[in-house]
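Q: Dropping the structure in here first, questions after.
Written out as structure tokens, the structure is:
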């Protein structure tokens with residue numbers, strides 16, 4: 119009986135020390151990780167803002183977008199930047215996209231995904247997102263590969279689930295920008 123209690127006490131102490139050390143490591147690394155994630159987000163925001171400026175974060179209530187920022191031309195609010203949710207072949211994807219107030223896509227970047235290398239991973243390329251750029255205002259964003267030129271359709275061949283996810287997310291972002299219009 120003493121041996122069982124001694125072994126139990128030793129295991130308890132090992133667990134307590136391990137849990138304490140994990141807590142200490144977490145308290146040291148959590149702020150650094152949060153700071154790095156914010157820096158990555160801000161870098162992606164400035165990439166899709168192009169020649170415009172990233173304004174302040176705004177409150178939105180939309181299940182398709184995690185966060186939203188104003189897109190500014192000097193002091194004038196001309197659109198929005200959204201962090202959009204999408205689903206592709208490999209699961210969840212995150213897209214940072216900028217829009218003018220009329221819903222026209224200015225620029226987009228796929229930031230996180232688990233898509234298939236050589237197929238769905240091509241959505242990370244600027245040339246992939248170029249097939250959507252400039253559309254969404256008066257010209258609709260492509261909803262299916264039949265809405266694309268033959269060259270663009272060939273580029274997404276074999277990755278139709280990724281294309282559908284990206285397209286749906288970008289169309290949702292365009293609709294959100296239109297609904298918000300020139301002011302929040």
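In our numbering, the protein residues as written are 119 to 302.
C-beta: ideal position from N, C-alpha, C; glycine also.
1. Identify the continuous alpha helix (DSSP H) that holds residue 145 and give its terminal residues.
2. Is residue 225 buried or exposed, if buried means 16 or more other CB atoms sit within 10 Å of its CB?
3. Grouping DSSP H, G and I as helix and E and B as strand, with all else coil, what is residue 205?
4. Whole angstroms are fine: how far does the CA of residue 184 sit from the CA of residue 248?
5. Report the rounded CA-to-CA distance for residue 168 versus residue 246, giving the unit in angstroms.
6. Specify whether the stretch 250–259 and the stretch 137–156 touch according to this definition: at least 3 beta carbon pairs, one from each stretch, less than 8 Å apart.
7. What do you get for residue 149, buried or exposed, if any count of 16 or more other CB atoms within 10 angstroms of its CB means buried?
8. Helix, strand or coil, according to DSSP, for residue 225 in the structure here?
9. What residues in its chain sit with their C-beta under 7 Å from that of residue 298, if we drop five residues either side in the sequence?
10. Given that a residue counts as buried once 16 or more other Cβ atoms are within 10 Å of its Cβ, and exposed if not, what is residue 281?
A: This is what the structure gives:
1. 120–167
2. buried
3. strand
4. 23 Å
5. 17 Å
6. no
7. exposed
8. strand
9. 198
10. buried
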